[in-house]
Amino acid sequence: MKRLLFYASLLTAGLSSSSCIDDFLTQYPYSTTSPETFFKTEDDFRQALSGCYSMINSSQMSYYYGLIYVLEGCSDEIVGNPASTGTLYDLLRGSYQTDNAEIRNFWILFFRGISRCNTLIEQLKGENDLTPERRTAYEAEARFLRGFFYLHLAQTFGGVPVYDAPAVGSTAARDNLERVYTQIIGDFKYAWDELEDAGVFKSGANRWTAAAYLGSVYNYLASCKRYDVGKELVGIQPLNDFGWVDEEAMSLAARDVLKEVVEKSPYELLDKNNYRKLYYEMSKEAQYKECLLMAEYAENTKHCMVSYYVLSPVGDAKTVGGSYQRMFPTMKLYRSYDNADVRRDCNITGAYNPNNRYGSDLSKIPSETVDGYRYYVPAESSGVASGTSTALWCTGKFRVSDPKERSSISANQCVMNYPLMRMAEVRLQYAEALYFTGDESGARKQFDPVRERVLAGDVSLKKLNEAYYRSDFVEELLEERGRELCYESKRKIDLIRFGRITETIEELPSEGGPNNVAVGIDLLKDNWRSYKIWLPVPQLEIDLNPNLEQNAVYAD
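Taking mature numbering (1 follows the signal peptide of the UniProt record, and there is no 0), I'd label the letters of the sequence shown as residues -21 to -1, 1 to 535.
This is the structure we're talking about:
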């Protein structure tokens, strides 16, 4: 049984729970109680589980914002500002190397999450006040989270060391992908089998969350095998080989589990009148209806989000709830939408105060009220490049409410949730599984409910389906996933698993004016190499543990 190596930096840096699900955000920091007296009562285990959840969005290189750079960068959806410098921006332009500090922070953070899960699972075996049923519930949720952390590490680094116990030290080598995904699938299956419709916490993972992730893993592995992902590197580094995958069996398994989520889970697609509430800060009750898992925040200064980092229209966070605008949508993403699709003008917008249109009198900015909260309305994107102004070209999908109405948090803070798995994703995953198990007609029908709610005016679904039809189903699937899931940390992995990332980057049109978007695209093209489908193992981690093998080519 392997044991996780705790480095000094890991033990001392940021071990308190800084953000997570709303109904356990008041728990005490995970590290404040000694192991000898911890994990006795139900409250102890709730606190421990909240500490596991907190790793999802507890610091810069989690879903707080930095991990989004890892998973959205180097794709055809967004591009970084070429004038911006630093290791975070290297993740957008493909210039990351083995000494990238952000990549190391991500590695440490998610292994810390795994360690917390393992500690909780181990403590369940000792004497405590839980009934057998509650022990099983806590173990199932902790195992789901362990699978969640390992999935992110495996999809970005490839093979990693698999630890299934808490610990104090090890110099373990990396396990191959077959071993890692055996662990992930086992954890998700256990959670699917043992969790109820509601988890330990109201908005935590439940059996349907586990099923959705399990189905997505099956699809991921099937596509990586079908499209020979990383095959040219296997001769150099066998541990990242997908040759062991039975793609037909994986697609069948994905179809069966996702069918259950679509047909039997309590989750639903929000209708046309409520669709936009998925991305409005205070419409959480609507979000719970569609989202099976979110990175969540609460209205207190220790568990909230900084508005500047939200993928919202550019503007001052303290006055209009705007963002820094560190990444920009591509013209390719803009053109992927038909004029009859309302998602285009929701996801790609202008600024709140374009070209200082309203001067210093921000009260002139239009506003709207949604679920009793006021939101400023950004200008529309022109849809064309225009000089170097950010006013015309923003990732405007998420909307922060009027900061002047806040009382319990600062004006530049918010409680914007970030969706990690929602029913639209489940529908598109199900469509993929149906197609690869021989039911193309059924697969295409899964597009209908996703598109039906985004029709502009009196446009018919038939018309939009005709506009989006591609004879190559996979091409249409990838385009629809981009339109629906843009900025939700799906795109880079999608392009990798279908074997299209290098081709897509090479063919990405070098166009777009705001902040020299075209220059940013050219930088990405110059930096990208096919071996970068895997992040480099942090060199400092290899220095600490020489048994860790570097990913292919980075070591040369």
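Beta carbons: idealized from backbone N, C-alpha and C, even for Gly.
**OP:** Report the three-state DSSP secondary structure of Glu278 (helix, strand or coil).
**Re:** coil
**OP:** Using the DSSP secondary-structure output, state which residues sit across from Phe136 in a beta bridge.
**Re:** According to DSSP, which records beta bridges pairwise, Phe136 is partnered with nothing at all.
Original post:
Roughly how many whole angstroms lie between the Cα atoms of Lys311 and Val496?
Top reply: 12 Å
**OP:** Would you identify the three-state DSSP class for Tyr259, choosing helix, strand or coil?
**Re:** strand
Original post:
Should the stretch 255 to 263 be regarded as contacting the stretch 202 to 217, the criterion being three or more beta carbon pairs within less than 8 Å?
Top reply: By the Cβ test, the stretch 255 to 263 is not in contact with the stretch 202 to 217, since fewer than three Cβ pairs between them sit closer than 8 Å.
Subject >> 7 Å Cβ cutoff met for Ala189 and Ala412 >> reply: no
Original post:
How do the stretch 173 to 188 and the stretch 112 to 122 stand: do at least 3 beta-carbon pairs fall below 8 Å, yes or no?
Top reply: yes
Original post:
Once you ignore the five residues that flank Tyr466 on each side, which residues in its own chain have a CB closer than 6 Å to its CB?
Top reply: Leu290, Thr374, Lys376
Original post:
Where in the stretch 35 to 88 do unbroken runs of the alpha helix (DSSP H), each at least 4 residues long, occur, reported from the N-terminal end onward?
Top reply: Counting whole runs of 4 or more residues, the stretch 35 to 88 contains the alpha helix (DSSP H) stretches 45 to 51, 66 to 72.
Original post:
So Arg322 is in the alpha helix (DSSP H); what residue range does that whole segment cover?
Top reply: Where Arg322 is concerned, the enclosing alpha helix (DSSP H) stretches over 322 to 326.
Original post:
Looking only at its own chain, which residues have a Cβ that is under 7 Å from the Cβ of Asp108, when we skip the five neighbours before and after it?
Top reply: Lys19, Thr20, Glu21
Original post:
In three-state DSSP terms, what is Thr416?
Top reply: Coil, per DSSP.
Original post:
Sorted by chain position, which residues of the same chain lie with C-beta nearer than 7 Å to Leu527's C-beta, five sequence neighbours on each side aside?
Top reply: Ala152, Arg153, Val516, Glu520, Ile521
Original post:
Can you give the Cα-Cα distance for Ala364 and Gln518, rounded to whole angstroms?
Top reply: Residue placement at Ala364 is flagged as unreliable, the pLDDT there being 48, under the threshold of 50; a coordinate-derived value is accordingly withheld.
Original post:
Less than 7 Å separating the beta-carbons of Asn219 and Leu271?
Top reply: no
**OP:** Find out if the Cβ-Cβ distance for the pair Val49, Leu70 is shorter than 7 Å.
**Re:** yes
**OP:** Reducing DSSP to helix, strand and coil, say where Val438 ends up.
**Re:** coil
**OP:** Can you say whether Leu4 is buried or exposed, counting buried as having 16 or more other CB atoms within 10 angstroms of its CB?
**Re:** With a pLDDT of 38 at Leu4, under the threshold of 50, the modelled position of this residue cannot be trusted, and the question is left open.
**OP:** With distances taken Cα to Cα, identify the nearest neighbour of Tyr533 among Val58, Phe136, Phe128, Arg125.
**Re:** The shortest Cα separation from Tyr533 among Val58, Phe136, Phe128, Arg125 belongs to Phe136.
Subject >> Inter-residue spacing [alpha-carbon to alpha-carbon] between Ala62 and Asp225 >> reply: Rounded to whole angstroms, Ala62 to Asp225 spans 45 Å at the Cα level.
**OP:** Would you mind giving the Cβ-Cβ distance between Ile82 and Leu514, rounded to the nearest angstrom? I have them listed as a contact below 8 Å.
**Re:** Their Cβ separation, rounded to whole angstroms, is 5 Å, which keeps Ile82 and Leu514 in contact under 8 Å.
Original post:
If we ignore side chains and look at the alpha-carbon of each, how far apart do Lys204 and Ser315 end up?
Top reply: 28 Å
Subject >> Alpha-carbon to alpha-carbon, Phe85 and Lys104 >> reply: Lys104 and Phe85: Cα-Cα distance of roughly 30 Å.
Original post:
Do three or more CB pairs link the stretch 180 to 196 to the stretch 239 to 251 at distances below 8 Å?
Top reply: Judged by pairs of C-beta atoms under 8 Å, the stretch 180 to 196 touches the stretch 239 to 251, as three or more such pairs exist.
**OP:** Let me know if Ala531 comes out buried or exposed under the rule of 16 or more other beta-carbons within 10 Å of its beta-carbon.
**Re:** buried
Subject >> Proximal residues to Arg125 (C-beta, below 6 Å), its chain only, five neighbours per side dropped >> reply: Ile93, Cys96, Asp166
Original post:
In whole angstroms, what separates the C-alpha of Ile480 from that of Ser468?
Top reply: 15 Å
Original post:
Tell me which same chain residues have a C-beta within less than 6 Å of the C-beta of Glu278, skipping the five on either side of it?
Top reply: Ser387, Ile388, Val394
Original post:
If we count the other Cβ atoms within 10 Å of its Cβ and call it buried at 16 or more, is Asn335 buried or exposed?
Top reply: Around the Cβ of Asn335, a 10 Å sphere holds fewer than 16 other Cβ atoms; the residue is exposed.
**OP:** Sort out for me which residues DSSP pairs Leu349 with in a bridge.
**Re:** For clarity, residue 349 is Val in the given sequence; the question names Leu instead. Val349 is bridged to Tyr352.
Original post:
Going by C-alpha distance, which of Ala410, Arg91, Glu101 is nearest Phe128?
Top reply: By alpha-carbon distance to Phe128, the top candidate from Ala410, Arg91, Glu101 is Arg91.
Original post:
Do you know offhand how far residue 536's Cα is from Arg385's?
Top reply: The chain is shown from -21 up to 535; residue 536 falls before or after that span and cannot be answered.
Original post:
Which value, in whole angstroms, describes the spacing of the CA atoms of Ser509 and Leu502?
Top reply: 15 Å
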